[in-house]
Amino acid sequence: MTIADVLATVTGRSRTVLEYSQIAKRLVDSAKQPGFSVESWAPLAELIAVDEFVRIGPFKEVMNWAEYAEFLTNWARSADWNCSFQRVTETPDLVFLELEERSRVGDFSSVVNTVSVYEFDADDKVRRIAVYLQMELPNTGTVPSFDGAGGAE
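Counting from 1 along the sequence shown, just add 2 to a position and that's the residue number in the working numbering.
Next comes the structure, spelled out in structure tokens:
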């Protein structure tokens, strides 16, 4: 199922989160065109509480909106990115979006499962995103196994 398919069936904050993903995909695709810049993220910024925004990445890196837009610009200029919808879950305060994300930058490609937790302000603007991911071990194509001593089996 695609994000576009799901968008036709959801409302509220879940819809905003799916629109965010759809806009991000469109902008990543357009980032290879001349003139693409930090300002090109304006359609995404319309969904963001830019003055209080915080994005916490999978390596616990913390960025405000200006830093995140700069990061996105640099990444999107050289990246191919796509995703497959897995699930969206909305609570009164948060939206959880699960995706399978595929990206390629140069010769490096990856497929990861992500959960992004979106927090909103009183005006229904995204004020915080925390990203969590699952991925295979680099260069092995495998996931580590645990011996049962305090870990998962």
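Every residue gets a Cβ at the ideal spot worked out from N, C-alpha and C, and that includes glycine.
May I ask you to list the residues that DSSP assigns as paired with Glu100?
By one-based count along the sequence shown, residue 100 stands at place 98. Bridge partners of Glu100: Arg89, Val117.
Could you tell me whether any non-hydrogen atom of the ligand SAH is closer than 7 Å to the CB of Arg28?
This structure simply doesn't include the ligand SAH, nor any ligand for that matter.
For the 8 Å Cβ check, are there 3 or more pairs between the region 88 to 96 and the region 67 to 76?
No contact exists between the region 88 to 96 and the region 67 to 76.
Three-state class that DSSP yields for Gln136 in the structure shown
For the purposes of this step, residue 136 is taken as the residue at position 134 of the sequence shown. Looking at Gln136 - three-state DSSP - the assignment turns out to be strand.
Under a three-way DSSP split, which group does Ser112 fall into?
As a working note, residue 112 is residue 110 in the sequence shown. In the structure shown, Ser112 falls within a strand segment according to DSSP collapsed to helix, strand and coil.
What would DSSP say about Val12, mapped onto helix, strand or coil?
Here residue 12 refers to the residue found at position 10 of the sequence shown. Secondary structure at Val12: coil, using DSSP grouped into helix, strand and coil.
Would you kindly work out how many angstroms separate the C-alpha atoms of Leu46 and Ala26, rounded to a whole number?
Start at 1 with the first residue of the sequence shown, and residue 46 comes out as number 44. Start at 1 with the first residue of the sequence shown, and residue 26 comes out as number 24. Distance between the alpha carbons of Leu46 and Ala26: 7 Å.
Would you say Thr116 and Leu96 are within 8 Å of each other, going by their C-beta atoms?
Mapped onto the sequence shown, residue 116 falls at position 114. Mapped onto the sequence shown, residue 96 falls at position 94. No. Outside cutoff.
In the structure shown, what three-state DSSP assignment does Asn225 receive?
In the structure as shown, the chain starts at 3 and stops at 155, and residue 225 therefore has no counterpart that could be examined.
Within the continuous alpha helix (DSSP H) that includes Pro45, where are the two ends?
The count along the sequence shown starts at 1 and reaches residue 45 at position 43. Per DSSP, the continuous alpha helix (DSSP H) segment holding Pro45 begins and ends at 44 to 47.
By the 10 Å Cβ neighbour count, where 16 or more other Cβ atoms means buried, how is Phe1 classified, buried or exposed?
The chain is shown only over 3 to 155; residue 1 falls outside these bounds and no answer can be derived.
Which residue comes first and which comes last in the beta strand (DSSP E) that contains Ile50?
Taking the first residue of the sequence shown as 1, we reach residue 50 at position 48. No residue range can be given for Ile50, since it is assigned to no beta strand (DSSP E) and is classified by DSSP as neither H nor E.
Provide the residue span of the beta strand (DSSP E) that contains Asp40, from first to last.
Counted from its first residue, the sequence shown places residue 40 at position 38. According to the sequence displayed, residue 40 carries Val and not Asp. No residue range can be given for Val40, since it is assigned to no beta strand (DSSP E) and is classified by DSSP as neither H nor E.
Do Ile131 and Arg15 have their beta-carbon atoms positioned less than 8 Å apart in this structure?
Here residue 15 refers to the residue found at position 13 when the sequence shown is read from its first residue. Here residue 131 refers to the residue found at position 129 when the sequence shown is read from its first residue. No, the pair does not count as a contact, with Cβ atoms beyond the cut-off.
Does DSSP classify Ala6 as helix, strand or coil?
Indexing the sequence shown from 1 puts residue 6 at position 4. Correct three-state label for Ala6: helix.
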